[in-house]
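Structure, as C-alpha cells:
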Amino acid sequence: MSHTTQAELKILLKKVFGYDEFRGQQAEIITTLVNNQDAVVIMPTGAGKSLCYQLPAIARAGTAIVVSPLIALMQDQVAGLVENGINAAALHGHLTKEQRQATEQALLAGQLDILYVAPERLKSERLRRVFQQIPLALFAIDEAHCVSQWGHDFRPDYLTLGCLAQEFPHVPRIALTATADKRTQQEIIERLHLQQAQLYCSGFDRKNLFYHIEPKQQPRQQLLDFLSQQSGEAGIIYCASRRKVEQTTEWLQQQGYAALAYHAGLDAKIRETNQRQFIYEDGQLMVATVAFGMGVDKPDVRFVVHLDMPRSIESYYQETGRAGRDGLPATAWMLYGLQDVLFNRQLLAQSTAEPRVKAVEQHRLDTMLALCESTCCRRQVLLRYFSENYTKPCGQCDWCVNPASTWNATESAQKALSCVYRTHQRYGVSHVINVLLGRNNKQIQQCGHQQLSTWGIGQELNEAQWRSVFRQLIAQGYLAISMDGYGTLQLTERCRSLLRGEIALYLRSDQRAVKRPKGRFEL
Ligand code: ADP
Ligand code: ZN
1351 MSHTTQAELK ILLKKVFGYD EFRGQQAEII TTLVNNQDAV VIMPTGAGKS
1401 LCYQLPAIAR AGTAIVVSPL IALMQDQVAG LVENGINAAA LHGHLTKEQR
1451 QATEQALLAG QLDILYVAPE RLKSERLRRV FQQIPLALFA IDEAHCVSQW
1501 GHDFRPDYLT LGCLAQEFPH VPRIALTATA DKRTQQEIIE RLHLQQAQLY
1551 CSGFDRKNLF YHIEPKQQPR QQLLDFLSQQ SGEAGIIYCA SRRKVEQTTE
1601 WLQQQGYAAL AYHAGLDAKI RETNQRQFIY EDGQLMVATV AFGMGVDKPD
1651 VRFVVHLDMP RSIESYYQET GRAGRDGLPA TAWMLYGLQD VLFNRQLLAQ
1701 STAEPRVKAV EQHRLDTMLA LCESTCCRRQ VLLRYFSENY TKPCGQCDWC
1751 VNPASTWNAT ESAQKALSCV YRTHQRYGVS HVINVLLGRN NKQIQQCGHQ
1801 QLSTWGIGQE LNEAQWRSVF RQLIAQGYLA ISMDGYGTLQ LTERCRSLLR
1851 GEIALYLRSD QRAVKRPKGR FEL
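Whatever position you read off the sequence shown (first residue = 1), add 1350 for my numbering.
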C-alpha cells in the first residue's frame, strides 16, 4: 500500500499537470484510490473528473487501466498525457497489428503509467490474463452510465466490466459519470459491484450557464435573433434528425454563418474533419444530432442551442453542459413545441423496448416537457430533478430575468377537454383545434364534427394560443397522447376536477404567441 501524503499529491499535481490547487472533491477522491479503496464519482461535465484517476495512476505503482467508450476521446487524452510526460497508450479496434503488439509489449514490460482500453477489448480473456501478470495501479471506468440499460448511451460491452471486481479484487476501481439520475447511479453500483465504494456526488449546478427556453413560433427567425446576439462565438446547435441537421447547416451557411454538420450518417472522415475544425477554429457553429458531443473537450463553447426538445432532462443537462466548460458565462438556449412531444412519442411507440423501459422513457419525456412549461425558475426545476435543493430563484434564467405572465385558463381548458371528449378521444391536436375554431374543412365534414356542441366554441383564442393551451394541458397531465403513434389525445383521471370546475387553472402566456386577449381574459 502506498503512503502518499496530501502534500506529496499536491506536488505531483503541480509537477505533472501544472495546477496549483485541487478542484472540488478531487483531493478526497484521489486519496481514496491511493488508499486502495473504490470510488464512484458523479460530477458535472467540466468538473475535472479525468484528473481523479490520472493523478493516482501516477502516484500508485503499476499501470492504470482506463475504460473509455470513444476512440476519439481516448486519442485526445493519450496525446495530452504524453505531452505532460506521462507514458500513456491506448488499445482499441483502430490499431494495426504492429501497433497493438508494441503497446502490449510496453504494457508487459511495465513501461506504461496509463493504458486506455475500449470496453470490447476487455471481453478478451487473453488481455485480462495479461493484466493478471503485471502490477496494476487501478481500473477507471469512464462514462460509467454506459452500463445502464435504461439510458440511451447503453453499451452492452460495459456489462462485462462487472467481472473486474472478482478477477482483480485487490485493484481499486473508480467509476465516473456526469449522469445524475438516481436510477442510473444505482445501476452503476450494482452492475459494477461497487457497493463498497465511496460515493462522491458533487453539486450539479452549472453556475455560469444561463438557461433560456421558449416555444417554437418561427424557429429560423428565433434562431437568427439569438445568433445575432452571440457576436461570432462558437456554439453547438442540436437538431432531432439528420435531415434537419443538413437543412439547418445549409441554411445557416446561406445566412453567412460558419456552420458545420455532424451526425452518425456522415462519413467518418467528414465527421472527424468537422469536429477538428469546430475545436481548433474560432467561431464555428456545429449543427449536430446527439451523436456529437460525448468527450468533445472544447472549453470555450459559448452556447448550446436545442432546436428540438431533447427526450429527457438528463439529455438536456448533458448536452447543455458542453457550453462554458471554461467557467466563463455561456448560454443554453432551447426551442420546443408540441411537435417535439409528438415526435418523441412516436419514436417511443415504434420502439421495440420492453414496456417498463418505455414507461420510464415516457416519464422522462413528461418531466422534460414540464421543465419547458415550468412557471418558476428553470434552475430550480432542473436541480430539483436531480434531488438538489435550490430554494432561491437563480437570477440566471429566462424566467428569473423576465417572468412570463399567467392567465386564468380554466374556461378555455374546459372547452379543450370537452372537445376531446366530444370527438371520442380519437383525434390529434390539430383536428381538435379546428373543431374549437369552428373550421369547416374536409375532415371536419367527413366526421360530421360541425354538428358537435363544441364546434366553434373556442373563438376567443387563435390557433397558436390553442396550441399553447394543449401543450400545457399535456405537460400538466390533464391530457395524454396515446401510444398509437398518431398523436391521439386522451383524457386523464386528472382532468375530471378541471371539467367539474373544482379547480382553477392558470397557464403561462407565451410572450410571442399569446397576445393579450381582449375582454374577459385576464393576464
Ligand atoms: P470532466 O471529465 O469532468 O468533464 P475534465 O477532466 O475534462 O472534466 O476537466 C475539465 C477541465 O478542467 C480540463 O481542461 C482540465 O484540464 C481542467 N482541470 C481539471 N482539474 C483541474 C485543477 N485541479 N485545476 C485546474 N484545472 C483543472
Ligand atoms: Zn432562475
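We put the CB at the ideal spot given by N, CA and C, even for glycine.
- As a beta-bridge residue in DSSP terms, GLN1840 pairs with ALA1830.
- Spatial neighbours of GLY1677 in its own chain (CB-CB distance under 7 Å, excluding positions within 5 residues in sequence) are listed in chain order as ASN1558.
- The alpha-carbon separation between LYS1765 and ILE1853 amounts to approximately 15 Å.
- Per the DSSP secondary-structure output, MET1636 pairs in a beta bridge with ILE1586, LEU1610.
- In this structure, the straight-line span from the alpha carbon of ILE1807 to that of ALA1422 is close to 58 Å.
- Exclusion of the five residues before and after TYR1369 leaves LEU1363 as the residues of its chain whose Cβ lies within less than 7 Å of its Cβ.
- Using a C-beta cut-off of 8 Å, the stretch 1688-1696 makes contact with the stretch 1818-1827, since at least three inter-stretch Cβ pairs fall below that distance.
- Following the DSSP letters along the chain, one finds THR1598 inside the alpha helix (DSSP H) bounded by residues 1592-1604.
- Secondary structure of CYS1726 (DSSP, three-state): coil.
- For GLU1537, no beta strand (DSSP E) encloses it; the enclosing alpha helix (DSSP H) starts and ends at 1532-1541.
- For GLN1461, the secondary structure class from DSSP, reduced to helix, strand or coil, is coil.
- Beta-bridge partners of ASN1758 (DSSP): TYR1856.
- Put simply, the backbone Cα of GLN1712 is about 8 Å away from that of LEU1698.
- Of the heavy atoms belonging to ligand 1, at least one sits nearer than 7 Å to the Cβ of GLU1371.
- In the three-state reduction of the DSSP assignment, ILE1392 falls in the strand class, which pools E and B.
- Of the heavy atoms belonging to ligand 1, at least one sits nearer than 7 Å to the Cβ of GLN1376.
- For GLY1808, the shortest separation between its Cβ and any heavy atom of ligand 2 does not lie below 7 Å.
- Counting only the Cα atoms, ALA1439 lies some 10 Å from GLN1449.
- For PRO1406, the uninterrupted alpha helix (DSSP H) segment begins and ends at 1400-1409.
- Under the three-state reduction of DSSP, CYS1744 is assigned to coil, being neither helix nor strand.
- The stretch 1379-1390 makes contact with the stretch 1546-1560; the number of CB pairs closer than 8 Å reaches 3 or more.
- The three-state reading of DSSP puts VAL1416 in strand, counting E and B together.
- Collapsing the DSSP output to three states places PRO1565 in a strand.
- Secondary structure at ILE1807: coil, using DSSP grouped into helix, strand and coil.
- Residue SER1662 holds the alpha-carbon nearest to the alpha-carbon of LEU1719 among TRP1683, SER1662, ASP1617, GLN1746.
- When C-alpha distances from LEU1462 are compared across ASN1812, LEU1573, ARG1471, PRO1485, the shortest belongs to PRO1485.
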